[in-house]
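A.B. asks:
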Amino acid sequence: VTASLAQRLLAGERAAIARAIRLLDDADPAGIDLLRDIYPAATQARVVGITGAPGSGKSTLVDRLIEAFRARGERVGVAAVDPSSPFTGGAILGDRIRMQRHAEDDGVFIRSLATRGHLGGLSASTLDVLTVLGAAGFRTLLLETVGVGQDEVEVNRVADTVALVVAPGAGDAVQTLKAGVMEIAHLFVVNKADRPGADEVAREIEQLVAFQSHGPGSDAGDAGTWTPPVVMAVAVEGRNIDAVVVALDAHADYLQRSGEDVRRRRDRARLAVLEAMRAKMDAEVAARFPGALDQAAERIATGASDPRAEAEAILRSLNKP
Ligand SMILES: Nc1nc2c(ncn2[C@@H]2O[C@H](COP(=O)(O)OP(=O)(O)O)[C@@H](O)[C@H]2O)c(=O)[nH]1
Ligand SMILES: [Mg+2]
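So that you can map any letter, position 216 of the sequence shown is 218 in the numbering used here, and since no number is skipped, the others follow by simple counting.
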C-alpha cells in the first residue's frame, strides 16, 4: 500500500511538499482535500516575518537564522516573496552559492514566491505554502517580504512575529519608520552594524519605540506589554545573530503568556477564509459571467451605475442556480 500524499507530506517528504504546493497553485480540487487533512498539523508552526527595504540584508539574515535554528535542531521553512532575494535569483552569485549549503539539508525547505505576479504581495498561495511547510513539520517558518508599504502591514497579519530590518545609510530609513511602518514590528534589526551610522539609527529607533510603546505592536495583556527590542547585527559576518534569536524567542514567549498567539492565529484563519472566498468568487464570476466585470466597470466609469449596485447585481446572478 502506498502512503497517501497527506501522509507523505505529514512525514516531511520533500517530493510530497513540492507536489502539494503545485496542486494548491493550480487550484486542483485534490489540493483542497489535501488541505483539510493537513491543516491541523500546520497550526503548530510559528511564522516569523522578516521585512524591510530592498538591500537591507533580509536574505542574508534569513540565511543566518536558518543556521542558528538548525544548530538547535529545529526544522526551518522559508518562503521568500522578495523579488530581489537571492532565494529568487535576484542577487549576486555569491549569495546564491551561500544558500546552497542549505539545499542539501533535509531540515530546511526554501520556497521562492517571486514569480507569482504581485511584487512582494502576499496572496492566498503564500498562506498555502506556509500551511504546507508547517504541516510538513517545519515548525519555524521564515517569511521574507520586501518592505514596500502595504505588504508590511499584510505580513503582520500573517506572521506571529515580525522583524523589521533596517540598514544605516539607507537615507530616509528612520523617516520611513515614522510614516507608520514601525507599528507592525515586534523587533528591529539594525543590520550592517559594521557600517557608519548604525548606532545612530538604533538610537533613533529606540526613541521612536519609547515614544509610542503602547502602539498596536505592543498589545497589552495579562502578561504586560511588549516593547520591541532593537538589535544590532552584521548578518553578512553572522555577528550578533544569537541576539536576534533571543529576541524572537522572547516575543514567542510573550505571545504565549499574553494569549496573543491565539488571537493572532484566529486573525490568520479569518484572513485565510477571506482570501479563499475572494479567490473562489473571482474564479466563479470569470467562469460563469465572462465580461461581467468589464461591463460593470464600463457602466460605472460612464456614470451609469455605481460599484455597490454592480457588486449586488453580480452577487445576485452568482446565487441563481
Ligand atoms: N556591510 C554589510 N553588508 C551586508 C550585511 N548584510 C548583508 N549585506 C549585504 O547587503 C546586500 C543586500 O543583502 P540582501 O540580504 O540581499 O538584502 P535584501 O534585499 O534585504 O534581502 C548584499 O550584498 C549583502 O551581502 C551586513 O551586515 N553588513
Ligand atoms: Mg532578499
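Backbone N, C-alpha and C fix where the C-beta goes; we use that ideal spot for every residue, glycine too. All of these numbers come straight from a predicted model, not from anything done at the bench.
Are the segment 157 to 169 and the segment 48 to 59 touching, with three or more C-beta to C-beta distances below 8 Å?
C.D. replies: yes
A.B. asks: Reducing DSSP to helix, strand and coil, say where Arg113 ends up.
C.D. replies: For the purposes of this step, residue 113 is taken as the residue at position 111 of the sequence shown. If DSSP states are grouped into helix, strand and coil, Arg113 belongs with the strands.
A.B. asks: Exposed or buried, Ser87, counting other C-beta atoms within 10 Å across all chains shown (16 or more means buried)?
C.D. replies: By 1-based counting over the sequence shown, the position of residue 87 is 85. The predicted model places Ser87 with a pLDDT of 48, which falls under 50 and marks its position as unreliable; any figure quoted below should be read in that light. By the 10 Å Cβ count, Ser87 comes out buried.
A.B. asks: Between Ile40 and Ala8, is the Cβ-Cβ spacing less than 8 Å?
C.D. replies: Looking up residue 40 in the sequence shown gives position 38. Looking up residue 8 in the sequence shown gives position 6. Yes, the pair counts as a contact, with Cβ atoms nearer than the cut-off.
A.B. asks: The beta strand (DSSP E) with Met184 in it runs from where to where?
C.D. replies: Within the sequence shown, residue 184 is the residue found at index 182, counting from 1. Unbroken run through Met184: none, as it is neither H nor E.
A.B. asks: Got a sec, what are the start and stop residues for the beta strand (DSSP E) Val50 sits in?
C.D. replies: Locating residue 50 in the sequence shown gives position 48, counting from the first residue. First-last of the beta strand (DSSP E) with Val50: 48 to 54.
A.B. asks: From the DSSP output, read off the bridge partner residues of Val134.
C.D. replies: Along the sequence shown, read from residue 1 onward, the residue named residue 134 stands at position 132. BP columns for Val134 are empty, so no partner.
A.B. asks: Under 7 Å from any heavy atom of ligand 3, does the C-beta of Ser114 make it?
C.D. replies: As for ligand 3, it is missing from this structure, which binds only ligand 1 and ligand 2.
A.B. asks: Pull up the distance between the alpha-carbon of Ala32 and that of Ala105, whole angstroms please.
C.D. replies: Within the sequence shown, numbered from 1, the residue matching residue 32 stands at position 30. Within the sequence shown, numbered from 1, the residue matching residue 105 stands at position 103. So the two alpha carbons sit approximately 28 Å from each other.
A.B. asks: With a 10 Å radius around its C-beta and 16 neighbouring C-beta atoms as the bar for buried, classify Leu276 as buried or exposed.
C.D. replies: If you number the sequence shown from 1, residue 276 lands on position 274. Classification for Leu276: exposed.
A.B. asks: So Val238 is in the alpha helix (DSSP H); what residue range does that whole segment cover?
C.D. replies: For the purposes of this step, residue 238 is taken as residue 236 along the sequence shown, with counting starting at 1. Here Val238 belongs to no alpha helix (DSSP H), and DSSP marks it neither H nor E.
A.B. asks: Quick check on the burial criterion: 16 or more other C-beta atoms within 10 angstroms. Buried or exposed for Asp65?
C.D. replies: Stepping through the sequence shown from its first residue, residue 65 is reached at position 63. With 16 or more Cβ atoms within 10 Å of its Cβ, Asp65 is classed as buried.
A.B. asks: Considering only the alpha carbon of each residue, which of Leu63, Asp244, Glu239, Thr227 lies closest to Gln258?
C.D. replies: Within the sequence shown, residue 258 is the residue found at index 256, counting from 1. Selected option, being the one with the closest Cα: Thr227.
A.B. asks: Please state if the CB of Ala254 and the CB of Asn193 are separated by a distance shorter than 8 Å.
C.D. replies: On the sequence shown, position 191 is the one that residue 193 refers to. On the sequence shown, position 252 is the one that residue 254 refers to. Not in contact: Asn193 and Ala254 (Cβ atoms no closer than 8 Å).
A.B. asks: What does a CB cutoff of less than 8 Å around Ile302 pick up in its chain, not counting 5 residues either side in sequence?
C.D. replies: Translated into positions along the sequence shown, residue 302 becomes position 300. Same-chain partners within the cutoff: Asp308, Pro309, Glu312.
A.B. asks: Give me the residue from Asp251, Glu146, Gln209, Pro323 with the minimum Cα distance to Ala70.
C.D. replies: For the purposes of this step, residue 70 is taken as the residue at position 68 of the sequence shown. For Ala70, the nearest C-alpha among the options comes from Asp251.
A.B. asks: Which value, in whole angstroms, describes the spacing of the CA atoms of Gly171 and Thr62?
C.D. replies: Counting from one through the sequence shown, the residue named residue 171 turns up at place 169. Counting from one through the sequence shown, the residue named residue 62 turns up at place 60. One C-alpha to the other measures close to 17 Å.
A.B. asks: Grab me the residues of Glu286's own chain with a C-beta within less than 8 Å of its C-beta, minus the 5 sequence neighbours each way, in chain order.
C.D. replies: As a working note, residue 286 is residue 284 in the sequence shown. Answer for Glu286: Leu320, listed in chain order.
A.B. asks: Considering only DSSP beta bridges, list what Gly79 is partnered with.
C.D. replies: The sequence position of residue 79 within the sequence shown is 77, counting from 1. Beta-bridge pairing links Gly79 to Phe111, Leu143.
A.B. asks: Ends of the alpha helix (DSSP H) at Ala195?
C.D. replies: For the purposes of this step, residue 195 is identified with residue 193 of the sequence shown, where counting begins at 1. Per DSSP, Ala195 belongs to no alpha helix (DSSP H) and is neither H nor E.
A.B. asks: Reducing DSSP to helix, strand and coil, say where Phe190 ends up.
C.D. replies: Walking along the sequence shown from the start, residue 190 turns up at place 188. Three-state DSSP puts Phe190 in a strand.
A.B. asks: Look at the alpha carbon of Phe199 and the alpha carbon of Ala55, and state the distance between them as a whole number of angstroms.
C.D. replies: Sequence index remark: in the sequence shown, residue 199 carries index 197 (1-based). Sequence index remark: in the sequence shown, residue 55 carries index 53 (1-based). The sequence shown places Gly at residue 199, rather than the Phe named in the question. Distance between the alpha carbons of Gly199 and Ala55 is about 17 Å.
A.B. asks: Is the beta carbon of Ala138 less than 8 Å from the beta carbon of Ile19?
C.D. replies: As a working note, residue 138 is residue 136 in the sequence shown. As a working note, residue 19 is residue 17 in the sequence shown. A distance below 8 Å separates the beta carbons of Ala138 and Ile19.
A.B. asks: For the alpha helix (DSSP H) that contains Ala306, what are its first and last residues?
C.D. replies: Here residue 306 corresponds to residue number 304 of the sequence shown, with the count starting at 1. Premise fails: Ala306 is in no alpha helix (DSSP H) and is neither H nor E.
A.B. asks: Should Thr62 be counted as a contact of ligand 1 given a C-beta to heavy atom distance under 7 Å?
C.D. replies: Taking the first residue of the sequence shown as position 1, residue 62 is located at position 60. True, at least one ligand heavy atom lies under 7 Å from that Cβ.
A.B. asks: In terms of alpha-carbon separation, which member of Glu262, Ile243, Asp30, Glu314 lies closest to Gly59?
C.D. replies: Here the question's residue 59 lines up with position 57 in the sequence shown. That would be Ile243, whose Cα lies nearest to the Cα of Gly59.
A.B. asks: Taking Cβ positions, are Val80 and Glu15 nearer each other than 8 Å?
C.D. replies: Residue 80 sits at position 78 when you count from the first residue of the sequence shown. Residue 15 sits at position 13 when you count from the first residue of the sequence shown. Not closer than 8 Å, so no.
A.B. asks: So is the beta-carbon of Glu314 under 7 Å away from any non-hydrogen atom of ligand 2?
C.D. replies: Working through the sequence shown from its first residue, we reach residue 314 at position 312. No.
A.B. asks: Under 8 Å, do Gly136 and Ala44 count as touching if we go by C-beta distance?
C.D. replies: Locating residue 136 in the sequence shown gives position 134, counting from the first residue. Locating residue 44 in the sequence shown gives position 42, counting from the first residue. Yes, these two residues count as a Cβ contact at 8 Å.
A.B. asks: Alpha carbon to alpha carbon, how far is Phe190 from Ala235? Give it in angstroms, no decimals.
C.D. replies: In the sequence shown, residue 235 corresponds to position 233, counting from 1. In the sequence shown, residue 190 corresponds to position 188, counting from 1. Ala235 and Phe190 have their C-alpha atoms some 10 Å from each other.
A.B. asks: Between the C-alpha atoms of Pro42 and Asp108, what's the straight-line distance to the nearest angstrom?
C.D. replies: To locate residue 42, count along the sequence shown from 1; it is residue 40. To locate residue 108, count along the sequence shown from 1; it is residue 106. Answer to the nearest angstrom: the Cα atoms are 22 Å apart.
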